[in-house]
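Okay, so here's the structure we're looking at.
In full-length UniProt numbering, the protein residues as written are 1 to 382.
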């Protein structure tokens, strides 16, 4: 098979290395399919992923980012990988200018961000993004990665085998329309998430093919509300999809890590004793007010800095804590901008009183509380 593959030459991505750091951007819990490949040079990192019918290889050293494409046998047509990468990495956004803006408004961001420059939000395929974060329910990065890779291996199209590793595209909606999909995914270790994935595929099959992509042109509140109609999707997962694939750059997903950041670094105090929609929105709108229209990007820098994965040079993957989300298909739309709710930077919310934080034990052991969680999206997985 190797002889049949069509390999492009290595080209240089036209971007300053400070505008994109592959290690932080690809391994911070946005996407779960990029594989880090060993290299002979200690100063270089390499990643591979099947994307849009090809395997893309990315390399980065201190001076530049290189890329190449590997196509399966029989591929015809031009290589549009440069355009794909520009879109996927949101390269039209001036990240260095945003860092300067956030640093001028937030002293804590200014301090923490120096070790996490070049962290960009991806513009992923919305279907892949949605299913990936449905998998994130009551889960950690390592297991989410395993589930997403299993979806590709068992239901996606194999693109190429490189150095003994098979790379698969993410499956399409029609690839998941099996009556036995729920049982098949449970056998692969998806647990109760299998039901959510099967139901989401069925729901999407009844909508126009470009339904999820069309949400990019809707306003934030409408897109968020549409996403919450899918089984297993609550406010946090909907915000992840809004931020990472639907161009809603202001979306700030609130999970346990973000609450801990708010409590520890922004001194939130208040009366709420459990996670509610009101509390969720107050925290989110505080950060939107603080950071502006790209608040979701700024939040991801602080989120990544808080991950033990990066604090220990990747030797350990953090096990997530969980906080219940409020799941409702009929709940009112979330605000479209910080202007819809008056938020002052002095607003204090008590996150210390949150009682429903729980360290993951066995995510697939379905006790009574876990069964109740089948009807809710959990704050987890990033």
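Backbone N, C-alpha and C fix where the C-beta goes; we use that ideal spot for every residue, glycine too.
No experiment lies behind these values; they were computed from the predicted model shown.
Bridge partner(s) assigned by DSSP for residue i
{"i": "residue 91", "result": "Looking at the DSSP assignment, residue 91 forms no beta bridge with any residue, so it has no partner."}
{"i": "residue 67", "result": "11 and 58"}
{"i": "residue 197", "result": "Per DSSP, none; premise fails for residue 197."}
{"i": "residue 100", "result": "In DSSP, residue 100 forms no bridge with anything."}
{"i": "residue 6", "result": "71"}
Cα-Cα separation, residue i to residue j
{"i": "residue 341", "j": "residue 285", "result": "Low confidence applies here, because residue 341 scores a pLDDT of 25, under 50, leaving its location unreliable; read the following figure in that light. One C-alpha to the other measures close to 7 Å."}
{"i": "residue 102", "j": "residue 109", "result": "7 Å"}
{"i": "residue 298", "j": "residue 234", "result": "22 Å"}
{"i": "residue 332", "j": "residue 225", "result": "The predicted position of residue 332 is uncertain, since its pLDDT is 28 and thus under 50; a value taken from the coordinates is nonetheless stated next. Roughly 8 Å separates the two Cα atoms."}
{"i": "residue 384", "j": "residue 69", "result": "Lying outside 1 to 382, the shown extent of the chain, residue 384 is not represented and no answer is given."}
{"i": "residue 161", "j": "residue 279", "result": "48 Å"}
{"i": "residue 154", "j": "residue 294", "result": "36 Å"}
{"i": "residue 8", "j": "residue 28", "result": "28 Å"}
{"i": "residue 248", "j": "residue 188", "result": "33 Å"}
{"i": "residue 10", "j": "residue 276", "result": "50 Å"}
{"i": "residue 254", "j": "residue 283", "result": "8 Å"}
{"i": "residue 117", "j": "residue 260", "result": "22 Å"}
{"i": "residue 104", "j": "residue 289", "result": "14 Å"}
{"i": "residue 17", "j": "residue 199", "result": "41 Å"}
{"i": "residue 174", "j": "residue 196", "result": "16 Å"}
{"i": "residue 4", "j": "residue 159", "result": "12 Å"}
{"i": "residue 138", "j": "residue 146", "result": "14 Å"}
{"i": "residue 287", "j": "residue 281", "result": "10 Å"}
{"i": "residue 58", "j": "residue 43", "result": "14 Å"}
{"i": "residue 96", "j": "residue 244", "result": "19 Å"}
{"i": "residue 217", "j": "residue 93", "result": "18 Å"}
{"i": "residue 80", "j": "residue 87", "result": "11 Å"}
{"i": "residue 157", "j": "residue 56", "result": "15 Å"}
Residue i and residue j closer than 9 Å at C-beta
{"i": "residue 46", "j": "residue 30", "result": "no"}
{"i": "residue 242", "j": "residue 220", "result": "yes"}
{"i": "residue 135", "j": "residue 303", "result": "no"}
{"i": "residue 89", "j": "residue 122", "result": "yes"}
{"i": "residue 169", "j": "residue 77", "result": "no"}
{"i": "residue 203", "j": "residue 236", "result": "no"}
{"i": "residue 232", "j": "residue 193", "result": "yes"}
{"i": "residue 292", "j": "residue 252", "result": "no"}
{"i": "residue 223", "j": "residue 246", "result": "yes"}
{"i": "residue 67", "j": "residue 13", "result": "yes"}
{"i": "residue 428", "j": "residue 23", "result": "The chain is shown only over 1 to 382; residue 428 falls outside these bounds and no answer can be derived."}
{"i": "residue 38", "j": "residue 167", "result": "no"}
{"i": "residue 120", "j": "residue 151", "result": "no"}
{"i": "residue 65", "j": "residue 144", "result": "no"}
{"i": "residue 238", "j": "residue 113", "result": "no"}
{"i": "residue 201", "j": "residue 181", "result": "yes"}
Buried versus exposed call for residue i [16 or more other C-beta atoms within 10 Å across all chains shown]
{"i": "residue 209", "result": "exposed"}
{"i": "residue 392", "result": "Residue 392 cannot be examined here, being either before or after the span of the chain that is shown, 1 to 382."}
{"i": "residue 40", "result": "exposed"}
{"i": "residue 74", "result": "exposed"}
{"i": "residue 343", "result": "Interpretation of residue 343 is limited by its pLDDT of 25, a score under 50 that renders its predicted location unreliable; the figure taken from the coordinates is listed afterwards. So residue 343 counts as buried."}
{"i": "residue 264", "result": "exposed"}
{"i": "residue 106", "result": "buried"}
{"i": "residue 63", "result": "exposed"}
{"i": "residue 20", "result": "buried"}
{"i": "residue 132", "result": "buried"}
{"i": "residue 177", "result": "exposed"}
{"i": "residue 401", "result": "Residue 401 lies beyond the stretch modelled for the chain, which goes from 1 to 382, so this question has no answer here."}
{"i": "residue 205", "result": "exposed"}
{"i": "residue 257", "result": "buried"}
{"i": "residue 164", "result": "exposed"}
{"i": "residue 25", "result": "buried"}
{"i": "residue 179", "result": "exposed"}
Contact test: residue i Cβ vs the ligand GDP heavy atom, cutoff 8 Å
{"i": "residue 131", "result": "Absence of the ligand GDP from the depicted structure is noted, as is the absence of any ligand whatsoever, leaving it without description."}
Boundaries of the alpha helix (DSSP H) in which residue i is found, first to last residue
{"i": "residue 112", "result": "107-112"}
{"i": "residue 192", "result": "No alpha helix (DSSP H) contains residue 192, which DSSP labels as neither H nor E."}
{"i": "residue 143", "result": "141-155"}
{"i": "residue 250", "result": "Looking at the DSSP string, residue 250 is not in any alpha helix (DSSP H), and its letter there is neither H nor E."}
{"i": "residue 120", "result": "From DSSP, residue 120 is part of no alpha helix (DSSP H); its letter is neither H nor E."}
{"i": "residue 78", "result": "Looking at the DSSP string, residue 78 is not in any alpha helix (DSSP H), and its letter there is neither H nor E."}
{"i": "residue 281", "result": "277-291"}
{"i": "residue 306", "result": "295-306"}
{"i": "residue 132", "result": "126-135"}
{"i": "residue 182", "result": "181-187"}
{"i": "residue 227", "result": "220-227"}
{"i": "residue 268", "result": "It is not in any alpha helix (DSSP H) - residue 268 carries neither H nor E in the DSSP assignment."}
{"i": "residue 214", "result": "211-214"}
{"i": "residue 176", "result": "Premise fails: residue 176 is in no alpha helix (DSSP H) and is neither H nor E."}
{"i": "residue 23", "result": "22-27"}
Enclosing beta strand (DSSP E) for residue i [first to last residue]
{"i": "residue 168", "result": "165-168"}
{"i": "residue 51", "result": "45-51"}
{"i": "residue 37", "result": "35-37"}
{"i": "residue 160", "result": "158-162"}
Any chain C beta carbon closer than 9 Å to residue i
{"i": "residue 199", "result": "This model lacks chain C altogether; it includes just one protein chain."}
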